[in-house]
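There are 2 protein chains.
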Amino acid sequence: MSRPCPQHQHPHRLIQQPLSDLTDKLRQGELKITAPRQAILDVLRKHSSPLTIKEIHTSLGKLDCDLATIYRNMHTLERMGLVRRYDFGDGAARFELSPEDGEGHHHHLVCTRCARIVELDDCFLNDFQDQLARRHGYTQISHRMEFFGLCPNCQAP
Amino acid sequence: MSRPCPQHQHPHRLIQQPLSDLTDKLRQGELKITAPRQAILDVLRKHSSPLTIKEIHTSLGKLDCDLATIYRNMHTLERMGLVRRYDFGDGAARFELSPEDGEGHHHHLVCTRCARIVELDDCFLNDFQDQLARRHGYTQISHRMEFFGLCPNCQAP
DNA sequence: CTTGAGAATGCAAGCGGTTTGCAATCTTCC
DNA sequence: GGAAGATTGCAAACCGCTTGCATTCTCAAG
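In order, the protein sequence lines correspond to chains A and B. Going from the first sequence to my numbering is simple: count from 1 and add 159. Going from the second sequence to my numbering is simple: count from 1 and add 159.
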């Protein structure tokens, strides 16, 4: 809010996207706006389904930053609620941009052969989850749910 | 069916359990009945919640076989439907004996602090899952779902 | 514009769970 | 008892991920 325009920077900086919201969010969390950070978010913005760290890394292309940097940034961005982490059980975490409202998550139907992903509607498990927590005395309840199958394209032998 | 009694073995072999079903199953799959194999199944029989490879290994106690052997056996036993694999998202696979009928699975409510596990009733997702498969043209559909929270014992600071 | 404190990055090493190649051993069938 | 083939132990390797440390970068204050 207090800073008029962040675009006085080096020529190779990515300046295409309207950074307003992002920037605000980043600054709220005392995070610095760095090239890798912006590039990662750009990559996620361009893809609709969750990406692995490796996929993000190759999508970065020219701005080829260290894997450790991506790992660290994904933690940071997740902690700030900017991205959401998913686990499809294949050993590699996947990340997706959080929706605008920040709340609400959804689940996925993942092809076990080609990894094609169908994003499902909003989660319908919240009531059940709350009941469950109450019944067993658990707090801070959450869940993970993913569906797996062979997508139409992969069914032909 | 054709083999009367498999109990003519070495003294340190575990022979307490009625091995009939197991043995039959093992033989159907052309598997050999080995000491590690039996011991692993014994360990699983004695525990109600899913165990990690490391937990299985330490539970084996005296019969201290190689970790690689356990890993290989878990794959084999899973492929044969004798055990079921669960993934609680902490990086270590967990295994449970399959129920008698071989079909039907359940889900878990896992404490994120002490790993205490509540086993939930039979899965209620099968209808939904089938609908989903039909709607999107997927086959061989399956799913994973686990709940996480702080158990009553772990809530006090 | 300069500057400096602290944040972020790159690099390399390390870690935990898991897999694999290979030679030695064990199970089962004849 | 013996042979074929499955299974095991061992060691090395793999994979995703994390971490320590020195260097570089960001940003706000002067």
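Backbone N, C-alpha and C define an ideal beta-carbon position, used for all residues, glycine too. Computed from a predicted model, the values in this text were never measured in an experiment.
Proximity of residue i and residue j at Cβ, strictly below 8 Å
i	j	result
residue 255 of chain B	residue 269 of chain B	no
residue 304 of chain A	residue 302 of chain B	yes
residue 314 of chain B	residue 298 of chain A	yes
Between the CA atoms of residue j and residue i - distance to the nearest angstrom
i	j	result
residue 300 of chain B	residue 306 of chain A	7 Å
residue 226 of chain B	residue 246 of chain A	25 Å
residue 190 of chain A	residue 309 of chain B	30 Å
residue 194 of chain B	residue 205 of chain B	17 Å
residue 232 of chain A	residue 249 of chain B	20 Å
residue 175 of chain B	residue 222 of chain B	Below a pLDDT of 50, predicted positions are generally treated as unreliable, and residue 175 of chain B, at 36, falls in that range; the measurement from the model is reported next regardless. So the alpha carbons of these two residues sit roughly 15 Å apart.
residue 271 of chain B	residue 289 of chain B	31 Å
residue 294 of chain B	residue 262 of chain A	26 Å
residue 215 of chain A	residue 284 of chain A	30 Å
residue 192 of chain A	residue 213 of chain A	22 Å
residue 198 of chain B	residue 258 of chain A	49 Å
residue 224 of chain A	residue 234 of chain A	16 Å
residue 311 of chain A	residue 274 of chain A	12 Å
residue 286 of chain A	residue 296 of chain B	28 Å
residue 220 of chain B	residue 244 of chain A	38 Å
residue 196 of chain B	residue 196 of chain A	49 Å
Simplified DSSP assignment, three categories, for residue i
i	result
residue 276 of chain B	strand
residue 228 of chain B	helix
residue 311 of chain A	helix
residue 251 of chain B	coil
residue 301 of chain B	strand
residue 284 of chain A	coil
residue 235 of chain A	helix
residue 289 of chain B	helix
residue 211 of chain B	strand
residue 320 of chain A	Since the first residue shown for chain A is 160 and the last is 316, residue 320 of chain A is missing from the structure and cannot be characterised.
residue 256 of chain B	strand
residue 264 of chain A	coil
Own chain, CB closer than 7 Å to residue i, minus 5 neighbours either side, in chain order
i	result
residue 265 of chain B	278, 279, 280, 281 and 282
residue 217 of chain B	none
residue 236 of chain B	242
residue 230 of chain A	212
Residues near residue i by beta carbon distance below 6 Å, same chain, minus five either side
i	result
residue 276 of chain B	208, 267 and 269
residue 203 of chain B	256
residue 211 of chain A	251 and 253
residue 200 of chain A	none
Sequence-distant residues of the same chain with beta carbon closer than 8 Å to residue i, five excluded per side
i	result
residue 292 of chain B	298 and 300
residue 164 of chain A	Note that residue 164 of chain A has pLDDT 31, beneath the 50 cutoff, so the model's placement of it is unreliable and the number below is only indicative. Nothing meets the Cβ criterion.
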